[in-house]
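Going by the numbering used here, the residue at position 117 of the sequence shown is 152; the numbering climbs one at a time, nothing skipped. Yeah, the Cβ is synthetic: ideal placement off N, Cα and C, and Gly gets one too.
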Amino acid sequence: MKVKRAISVMVLFLVSVLSQACSHAPEGRTVEFVYLALGASDVIGVGATPLTEGYVYLINQDLQQRILGTFLVTLGLPDARIDVLNEQARLAKHFHGEANIATVWVGVNDLVHGDDPSRFQSDLRQLLRTIQGSVSTVVVIANLPDLTQLADFRAAPNPAVTLARVQAYNRAIEVEAPYVNASIVNIFGESSPDDFAFDENGFHPTKTGHRRIANVFRKVMLERLGFR
36 MKVKRAISVM VLFLVSVLSQ ACSHAPEGRT VEFVYLALGA SDVIGVGATP
86 LTEGYVYLIN QDLQQRILGT FLVTLGLPDA RIDVLNEQAR LAKHFHGEAN
136 IATVWVGVND LVHGDDPSRF QSDLRQLLRT IQGSVSTVVV IANLPDLTQL
186 ADFRAAPNPA VTLARVQAYN RAIEVEAPYV NASIVNIFGE SSPDDFAFDE
236 NGFHPTKTGH RRIANVFRKV MLERLGFR
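Spelled out as structure tokens, the structure:
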């Protein structure tokens with residue numbers, strides 16, 4: 036309940052900010068393009084120093100250079116699992132489909148906690164359809180890297196973190212994404228865990244890692260938005 040209340044307060048605040056920004060943006064500019072990012076700690080830049088060097092902020096900087104009036108809304112909570120993201124998406128309906136693009140990266144915390152892939156897929160179906168139906172018609176979702184290769188799990192193996200389970204989660208993403216015409220960022224296939232330069236806890240990407248993630252996301256996002 037505390038988590039849901041925290042999300043509610045955060046989203047309502049952001050909705051208020053967005054509403055005001057649309058009519059009274061800084062420097063007299065109106066909001067022309069809304070980028071909404073949903074996820075866990077990575078979305079808010081954990082691992083990067085400063086946090087504003089996180090992959091979402093880097094993507095936003097690029098969008099701002101390409102699209103005048105770009106406005107970023109981040110809905111990320113540390114340790115968030117897909118049930119929390121579904122709550123984020125439900126509350127984000129306040130945007131009434133006004134987000135021009137929404138990115139989603141979810142599944143790592145669910146997998147590490149041992150959640151069943153079939154349950155994850157069911158919840159993912161609900162999440163993506165809520166986003167596509169009420170938040171943004173343009174959705175980009177990333178799959179999971181090979182978590183078994185992260186330093187954290189090489190040093191202390193977790194029975195819930197296996198290659199077979201990572202692949203099962205990624206299959207769930209591959210199956211559900213087309214139903215809402217979501218583009219997939221192939222984190223698993225396009226890079227190795229070493230590319231993400233994970234920090235001292237062996238789990239979160241460093242500043243260098245966030246740059247790499249931003250590049251992989253950006254490529255798919257720009258193609259989806261029609262940029263060459």
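- A contact is defined here as three or more CB-CB pairs under 8 Å, and the region 147-155 fails this definition with respect to the region 79-98.
- About 6 Å separates the beta carbons of T65 and G104, which is inside the 8 Å limit, making them a contact pair.
- Assignment of G224 by DSSP, reduced to helix, strand and coil, places it in the helix class.
- Per DSSP, reduced to three states, the secondary structure at L163 is helical.
- Taking the C-beta atoms as reference points, N178 is found nearer than 9 Å to Y204.
- With fewer than 16 other beta carbons inside 10 angstroms of its own, Q100 counts as exposed.
- Under the three-state reduction of DSSP output, A124 falls in the helix class.
- Taking 3 residues as the minimum length, the beta strand (DSSP E) runs contained wholly in the region 141-200 are 174-177, in order along the chain.
- Residue state for I248 is assigned as helix, using DSSP reduced to three classes.
- About 5 Å separates the Cβ atoms of V174 and A137, confirming a contact at the 8 Å cut-off.
- Cβ neighbours of L110 within its own chain (closer than 6 Å, five residues either side excluded): L73 and Q123.
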